[in-house]
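Notes for the one structure printed next.
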Amino acid sequence: MTASTRTEPATVVVEFLNALARYDVDAALDLVTEDLAYTNVSLPTIHGRERLRKLAVPVLRPGRMGFGVHNHHVAADGDVVLTDRTDELRFGRFAARFWVYGRFVVRDGRIAVWRDSFDWADITVGVVRGLLGIALPSLNRKMP
């Protein structure tokens with residue numbers, strides 16, 4: 095991938111999410127600004143790359159929690175990138191999959207704002223199916 099391609103806002107966002115999915119926290123953090131603002135709507139905003147590192151490093155490791163992502167749609171307009179995706183949170187045999195809408199602002203090839211919105215009802219269904227899926231895997235949603 096060329097340097098100019100890497101700085102395209104949509105490419106930066108997709109690379110960031112894919113880095114998280116492969117447990118490469120360092121590569122993901124290289125794609126965010128020092129003053130990142132990360133919000134899961136209805137939850138407190140996390141400010142700064144180092145705060146995100148403190149959140150992600152202990153959690154995103156093989157054998158602990160895993161993260162998966164499937165982008166259904168990615169659209170960019172200037173430095174704003176929108177994602178319509180399915181996220182997956184895994185822990186052992188448990189996997190919860192749910193819809194997420196993301197809005198990212200990319201500044202100078204790095205993510206400055208990451209704002210995810212989701213439906214708590216869909217997350218609840220994903221968690222229940224994930225718990226039931228431990229005993230009966232056919233009940234759990236599959237990643238698209």
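Position in the sequence shown (from 1) plus 94 gives the number in this note's numbering. Beta carbons are placed, not taken as given, at the ideal position from N, Cα and C, and that holds for glycine.
(Q) Restricting to runs no shorter than 3 residues, where is the beta strand (DSSP E) found entirely within the stretch 134-190? (A) 159-171, 174-185
Q | Reference D245; option with closest CA among I228, R235, L230 | A | Missing from the structure shown is residue 245; the chain here goes from 95 to 238 and no further.
Q) Is P238 buried or exposed, if buried means 16 or more other CB atoms sit within 10 Å of its CB? A) exposed
Q: Indicate the three-state DSSP secondary structure (helix, strand or coil) for L125 in the structure shown.
A: coil
**Q.** Burial state of E144, where buried means 16 or more other Cβ atoms lie within 10 Å
**A.** exposed
Q. From what residue to what residue does the beta strand (DSSP E) around D210 run?
A. 204-212
Q) Among D120, L225, H167, G203, which has the Cα closest to the Cα of L183? A) When each option's Cα is compared against that of L183, the closest is L225.
Q. Given that a residue counts as buried once 16 or more other Cβ atoms are within 10 Å of its Cβ, and exposed if not, what is A189?
A. buried
Q.
I'd like to know whether the C-beta atoms of V175 and V107 end up nearer to each other than 8 Å.
A. yes
(Q) Taking the straight line between their C-alpha atoms, what separation do you get for D120 and R187? (A) 26 Å
(Q) Is it buried or exposed, I228, if we count other Cβ atoms within 10 angstroms and call 16 or more buried? (A) Within 10 angstroms of the beta-carbon of I228 lie fewer than 16 other beta-carbons, which makes it exposed.
Q.
Considering only their Cβ atoms, is the gap separating F161 from L114 smaller than 8 Å?
A. Pairing L114 with F161 gives a Cβ-Cβ distance under 8 Å.
Q) Helix, strand or coil: how does DSSP classify A97 here? A) Residue confidence is low: A97 scores 48 on pLDDT, short of 50, so the model does not pin down where it sits. Its coordinate-derived value is still stated next. In this structure, A97 counts as helix in the three-state DSSP scheme.
Q | Which residues DSSP lists as bridging F192, in chain order | A | D181
Q. For E109, does the count of other Cβ atoms within 10 angstroms reach 16, so buried, or fall short, so exposed?
A. For E109, the number of other beta carbons within 10 angstroms of its own is at least 16, and it is reported as buried.
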